[in-house]
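Novice: Sequential numbering of the sequence shown, starting at 66, is according to the working numbering.
Below you will find the structure I want to go over with you.
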Amino acid sequence: MIKKCLICKKSFYIRPCYIRYNRGKFCSRKCFGKSGNSHWEKNLILYKKGHLPWNTDKKVKQTSGEKHWNWNGGKYISTSGYVYILKPNHPFAKKNGYIAEHRLVVEKRIGRYLQPTERVHHINGIKDDNKSQNLKLFPNDGAHYKFHHPKPPLNTGRTRFKKGQIPWNKNLHAL
């Protein structure tokens, strides 16, 4: 169906189903914006260069660190259960300045920084129990994995069935 734009009077094709839903009045988005019906065109004025935001006259106090209402002394427990302490000057701290407490405890015990590849294991399995006696240091992930998954002994006492032997009776042989 051919219609005329309400703004520029240009003829354009519109599907009949659009007319049913009160659409098809404008030939383009530009004309729709000029019509004043678009809320997004009106709001663009608020975000132009040099425009002041709504809260410039209000004094909004930004609090962080010790002044923040939710400050816990630079210590938090992650979703995985490990305790993290704020040490922004530590060479291996995360981007947010925190490092795992169990790593700090082992570093203090051995007198040097741990390498990123070294792993600390909680002996009793409780992730927030960071006592020095509960922590064991592994040089890498492989050694930590081997600690958790030891190889079974070679001689397990099981005997394999010989060819021709009946499985449910080891003494009888097949004919």
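Positions of the beta carbon are idealized from the N, C-alpha and C atoms, including for glycine.
Assuming residue 97 is part of the alpha helix (DSSP H), what are its boundary residues?
Specialist: Your numbering for residue 97 matches position 32 in the sequence shown. Where residue 97 is concerned, the enclosing alpha helix (DSSP H) stretches over 94 to 99.
Novice: For the candidate residues 188, 211 and 213, whose alpha-carbon lies nearest to that of residue 200?
Specialist: Numbered from its first residue, the sequence shown carries residue 200 at position 135. Cα-wise, what sits closest to residue 200 is 188.
Novice: Return the residue from the list 72, 153, 178 and 151 that minimises the CA-CA distance to residue 94.
Specialist: The sequence position of residue 94 within the sequence shown is 29, counting from 1. Among 72, 153, 178 and 151, the Cα nearest to that of residue 94 is on 72.
Novice: Alpha carbons only, please: which of 194, 132, 179 and 66 is nearest the one belonging to residue 205?
Specialist: Start at 1 with the first residue of the sequence shown, and residue 205 comes out as number 140. Checked all of 194, 132, 179 and 66; the closest Cα to residue 205 is 179.
Novice: Can you find at least 3 beta carbon pairs, one from the stretch 156 to 171 and one from the stretch 188 to 198, that sit closer than 8 Å?
Specialist: Enough Cβ pairs lie closer than 8 Å, so yes.
Novice: Using only alpha-carbon positions, find the residue among 87, 96 and 82 that is nearest to residue 70.
Specialist: Indexing the sequence shown from 1 puts residue 70 at position 5. For the residues 87, 96 and 82, the minimum Cα distance to residue 70 belongs to 96.
Novice: As a quick exercise: from 81, 80, 184 and 165, pick the residue whose alpha carbon is nearest that of residue 211.
Specialist: Here residue 211 is taken as the residue at index 146 of the sequence shown, counted from 1. Distances from the CA of residue 211 to each of 81, 80, 184 and 165 were compared; the closest alpha carbon is that of 184.
Novice: Can you give me the start and stop residues for the beta strand (DSSP E) that residue 91 sits inside?
Specialist: Your numbering for residue 91 matches position 26 in the sequence shown. Where residue 91 is concerned, there is no enclosing beta strand (DSSP E), given that its DSSP letter is neither H nor E.
Novice: Which of the three DSSP states, helix, strand or coil, is assigned to residue 69?
Specialist: Walking along the sequence shown from the start, residue 69 turns up at place 4. Looking at residue 69 - three-state DSSP - the assignment turns out to be strand.
Novice: If you follow the beta strand (DSSP E) that residue 86 is in, where does it begin and where does it stop?
Specialist: Taking the sequence shown and counting its residues from 1, one reaches residue 86 at position 21. Note, residue 86: premise wrong, no beta strand (DSSP E); not H, not E.
Novice: Identify whether residue 212 lies in helix, strand or coil by the three-state DSSP scheme.
Specialist: Along the sequence shown, read from residue 1 onward, the residue named residue 212 stands at position 147. Helix.
Novice: Whose CA, out of 191, 137, 175 and 174, lies closest to the CA of residue 145?
Specialist: Sequence index remark: in the sequence shown, residue 145 carries index 80 (1-based). The candidate whose alpha carbon is nearest that of residue 145 is 191.
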